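For the protein sequence lines, the chains are A and B, in the order given.
Take 4 as the starting number for the first sequence in the working numbering and just add one per residue.
Take 161 as the starting number for the second sequence in the working numbering and just add one per residue.
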Amino acid sequence: MTAAFETETETLTRMANQIAGFFSAYGEAEAAAETATHINAYWESRMRRGLLAHVAAGGVGLSPIVLAAAVKINRPA
Amino acid sequence: MTLLTEKDFGTPPAQSTKLVTLEIDGHTVTVPEGTSIMRAAMELGTQIPKLCATDMVKPFGSCRLCIVEIEGRKGTPASCTTPVAEGIKVKTQSDRLLQLRRGVMELYISDHPLDCLTCASNGDCELQDMAGAVGLREVRYGFEGKNHIAARNTDSSVNASYKPKDTTNPYFTFDPAKCIVCLRCVRACEEVQGTFALTVDGRGFDGQIAAGMDEGFLASECVSCGACVQACPTATLMENTVIARGQPEHTVLTTCAYCGVGCSFKAEMRGDEVIRMVPWKDGGANEGHSCVKGRFAWGYASHKDRITTPMIRERITDPWREVTWDEAIAHAASRFKAIQAKYGKGAIGGITSSRCTNEEVFAVQKMVRAAFGVNNVDTCARVCHSPTGYGLSKTFGTSAGTQNFKSVDKADVIMVVGASPTDGHPVFASRLKKRIRQGARLIVIDPRATGMVRSPHVEAVHHLALLPGTNVAVINALAHVILTEGLENKAFIAERCDTAEFARWADFISDPRHAPEAVQDITRVPAAELRAAARLYATAGNGAIYYGLGVTEHSQGTTMVMGLANLAMLTGNIGREGVGVNPLRGQNNVQGSCDMGSFPHELSGYRHISDPSVRGLFERDWNVTLDSDPGLRIPNMLAAAVDGSFKGLFVQGEDIAQSDPNTQHVTAGLAAMDCVVVQDLFLNETAAYAHVFLPGTSFLEKDGTFTNAERRINRVRPVMAPKTGKHEWQAVAELASAMGYAMAYSSAAEIMDEIARLTPGFARVSFKMLDERGSVQWPCNDAAPDGTPIMHVKGFVRGKGRFMLTDYVATPERATGRFPLILTTGRTLTQYNVGAQTRRTGNVAWHPEDILEIHPHDAELRGISEGQLVSLSSRVGQTTLRAHITEGIPVGVVYTTFHHPVTGANVITTDYSDWATNCPEYKVTAVQVGLTNAASDWQNQWTEHRAASTRREARRQ
């Protein structure tokens, strides 16, 4: 069996969607805000940069909550 | 200190608050009602002769040596079984008592070998002491009669009463010839350990101690905790190290380096050689008990595989070259600086270890933040209890278990969730079992029939054997039942919790989709059973929750922790003895390594790195500017390494190539790095990818503190100088300095002073204070100068407790046609984590290899018989191991451990992880199992890799 790893974008998409999945119980607006807060608090800059780049490229596979959260995610310098 | 001999009061203390005053040998003494006369006398300093009594077990009254006279009462009652009474007058010594005691001793000695000078117990034998105490001068019965001593009778016929020594246990010897059948061992096994492995086989003179069905200690149910050896008053049960090396001469008090119970031990020494480790009665966590690991499995510290000299190499395919500390540190610093110059500051980071002291961990995270200039520091708690940190801080306000271990003595109903304490936390398991034998009721939520579900005199009232991955559905259903049936604690919620958040949560959890009937098809837990468990937890009195990695190591690990906290708040089971939410931490210093600021987003004391006031405190103390952005977590570091942006890693005492999920991803990340520095005892799996090896110190050499699962800060004291010539924190400080950030400490105590200065919960902690008090539970500061055994007593740390919405989200890791079974992984009693320590001890006698547990139905479908080799495969990897068929695992689920590198259990597990913390989902992997007769490709590669390493080792310069 050969090793097949997720791409960085696939990993970030999965992680972001999971976060949004938890907060979705709080309703879309609050979920988007909490998702952004969580990512800002726990994601290193290159991860945030990667996610925002994926959003900018269309955000395929990202949940609507993540897409709504993107504007509140701190853009790394 | 000289050899520490603890006072044996003969019987356990009484718990009554009512006091009784009596007179013993003309002296007045006042003791709690229910105290034995023997103990009361000992309080006065009078040691009544005794053999079958010891204060670790209840009195038994069999040896008749502790007899006394009581004015106005007939006969000579045993002082161990006779309780004190108001105003009685007791005589402990008289001519009549002396004669009676001598008579008893004559009988004992007439059937005991007179080999005192060559006996391993010489100098530490209670039988010898009692012979002296009663003035035994002759044995009128002689030594020629019926006995258990000689293999043959005087007429050369076989002595049917004789049994040879049992040497099957790797750590102690049982010599029946020296046994006086006092039953202290049997009672210790029952009352202290709770295993009931020992018994008396036969009656009267024929009675002899037997392990199990007399199949020998190793083959019996004995778990080798050592309680029987400790209880034995003669040399009948004796540590092999004492037999081989003689009696110890001094004691060093220290702390076990295995699980999160954090047992206190007396290291009993001769010179700088450890003779034995004996659990300390005054140890706050263990109160005199131990398990096979702490008690006996410390020989790895002097194992031949131990590396004590620094080594470097250019490429990981090169042989190691032994160098000086200075060269190794200069080399590591040079490589790290070159990486940062080429790829940027963020290209390096470090991992701290829960097997290291608070001081060592603090030093590493400081090195990463201050010398590397990044926050890319993480700890192995990432892969075990990181969801505990997040979940409990959001609900209660702090990342810690709420109780001390002793609290369980007041619990009425105990819920054990996703944990197997008899394997992972055995000393606490003994305490749990004791409480259950006293009448507390037990609920177990676990896919497997763990050692808690049914054992002698312990049985779970409810075992909710859920399908792995459905924890949150179960915890929500429990809460749904409690709330919709009106069993919640309304007063507690109104007074202690955020009522707006509660109202929102109540709406959420009341929804019929959370009802047990609605989720039973997903969870496999019958609705009626779940409802009964919910009612029991809510109504039986003090409800205590204990949980382990079966809660955290899921894609919803954090959600489940919150669910447990919700349940405790809902029923008011927080803030007093006997209740609480308690994570059972896997490794000895998981709590401490988290406390010390090992996570990439927070400084010590769980304060976020983005908080300028907190950061400023550290910046002023450390004279450095800190990055305000969170750093990379372990899995993110490895992903970034595969991606090419992360090139250097300092790994302190962890073996991520064995312990972390998706091994091939981990090793791909490590192989992609330019410089990996490993600080460890052994050339572990991760060291195969290292360029610099800095030899680490064992717990016997460390000077510092560990913090256990109950937040208890215990001293770790060196019993010998570091075999490497350097403490780990010294090497770290030197590496930091070589990187350009001046860092130096004169002692570990100085590091603790810095921790206390910078961490509010540790403000009053110092080595001096710990040496005076023994231990303390944080927070320990001006508000709580004596520490905090129970958290959230008057209010939650966050103010009002917050109910969190915990919707069940199924893991994407599903059983499929190709991978129809669910693999869940864990650990076993005799091995520890990656096995680097325990595989190098006699513990391999119990667990020489990892085994796949499979249900008979699943085995039958696949034509698998007991002990056959099977292939275990998932979408990310494949391995081969032997099958064990058991009904202890549900249909559709298989289980294995990860203690042996050749098994590669984590070759199978995936990158899926907890939503909040990236804690890996070790507990749910879709797999297929089938018969095979060959090792997997990965195992063949591993074997070749290991052989190549061995060849390079042989060429080591």
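The beta-carbon is built from N, C-alpha and C at its ideal position, and this holds for glycine as well.
Here the structure is a predicted model, which means the values were calculated and not measured.
Residue i - DSSP class collapsed to helix/strand/coil
i: M398 (chain B); result: strand
i: H1060 (chain B); result: coil
i: N789 (chain B); result: First, the amino acid is wrong: residue 789 (chain B) is Asp here, not Asn. Note: D789 (chain B) maps to coil in three-state DSSP.
i: P547 (chain B); result: helix
i: C657 (chain B); result: strand
i: R1111 (chain B); result: helix
i: N941 (chain B); result: strand
i: G710 (chain B); result: helix
i: Q368 (chain B); result: strand
i: T314 (chain B); result: coil
i: R17 (chain A); result: helix
i: C419 (chain B); result: strand
i: P383 (chain B); result: One point to set straight first is that residue 383 (chain B) is Val, not Pro, in the sequence displayed. Residue state, collapsed to three classes: coil.
i: E1104 (chain B); result: helix
i: M729 (chain B); result: helix
i: M575 (chain B); result: strand
i: V63 (chain A); result: coil
i: V621 (chain B); result: coil
i: V721 (chain B); result: helix
i: M4 (chain A); result: With a pLDDT of 40 at M4 (chain A), under the threshold of 50, the predicted position of this residue should be treated as unreliable, though the coordinate-derived value follows. M4 (chain A) falls in the coil class under three-state DSSP.
i: T555 (chain B); result: helix
i: E973 (chain B); result: coil
DSSP beta-bridge partners of residue i
i: G864 (chain B); result: B:V876
i: K426 (chain B); result: B:L413, B:V438
i: F332 (chain B); result: B:E399
i: P743 (chain B); result: B:Y707
i: Q1088 (chain B); result: B:S1033
i: V115 (chain B); result: Limits of chain B in this structure are 161 at one end and 1117 at the other, which puts residue 115 (chain B) out of reach.
i: P855 (chain B); result: B:D840
i: L798 (chain B); result: Per DSSP, none; premise fails for L798 (chain B).
i: F359 (chain B); result: One detail in the question is off: residue 359 (chain B) reads as Thr in this sequence, not Phe. For T359 (chain B), which the question treats as bridged, DSSP gives the partners B:A370.
i: V537 (chain B); result: B:G510
Proximity test, Cβ basis, 7 Å: residue i and chain B
i: G24 (chain A); result: yes
i: A28 (chain A); result: yes
i: A39 (chain A); result: no
i: S66 (chain A); result: no
beta-carbon residue i near the ligand ZN non-hydrogen atom, thresh 6 Å
i: S590 (chain B); result: As for the ligand ZN, it is missing from this structure, which has no ligand bound.
Chain D residues whose Cβ lies nearer than 8 Å to that of residue i
i: S715 (chain B); result: The structure shown has no chain D; the protein chains it does contain are A and B.
Beta carbon proximity, residue i to chain A, threshold 7 Å
i: G791 (chain B); result: yes
i: H825 (chain B); result: yes
i: H640 (chain B); result: no
i: L918 (chain B); result: no
i: H674 (chain B); result: no
i: L965 (chain B); result: yes
i: H761 (chain B); result: yes
i: W1075 (chain B); result: yes
May I have a chain-ordered list of the alpha helix (DSSP H) segments no shorter than 4 residues that lie completely inside the region 977 to 1056 of chain B? 1016 to 1021
Along the chain, which unbroken stretches of the beta strand (DSSP E) at least 3 residues long are found entirely within the region 432 to 517 of chain B? If we require 3 residues or more, the beta strand (DSSP E) runs fully inside the region 432 to 517 of chain B come out as 433 to 439, 508 to 512.
Pull out every residue of the region 967 to 991 of chain B whose Cβ sits closer than 9 Å to any Cβ of chain A, in chain order. D967, V969, P972
When Cβ atoms are compared, which residues of the region 717 to 729 of chain B fall closer than 8 Å to chain A? T718, T719
Taking only beta carbons into account, state which residues of the region 800 to 822 of chain B come closer than 7 Å to chain A, listed in chain order. A800, V802, D803, S805
If contact means a Cβ-Cβ distance below 7 Å, which residues of the region 9 to 22 of chain A contact chain B? E9, E11, T14, Q21, I22
Runs of 3 residues minimum, wholly inside the region 803 to 852 of chain B: which ones carry the beta strand (DSSP E) assignment? 808 to 812, 835 to 840
Give the residues from the region 506 to 520 of chain B that approach chain A closer than 9 Å (Cβ to any Cβ), ordered along the chain. G506
Length-filtered (4 minimum) alpha helix (DSSP H) runs lying within the region 227 to 301 of chain B: Annotation: the region 227 to 301 of chain B contains the following complete segments of the alpha helix (DSSP H) (minimum length 4 residues), in chain order: 255 to 269, 286 to 293.
Where are the beta strand (DSSP E) runs, 3 residues long or more, that stay fully inside the region 878 to 965 of chain B, in chain order? 935 to 937
Using Cβ-Cβ distances below 8 Å, what residues of the region 47 to 76 of chain A are close to chain B? E47, S48, R49, M50
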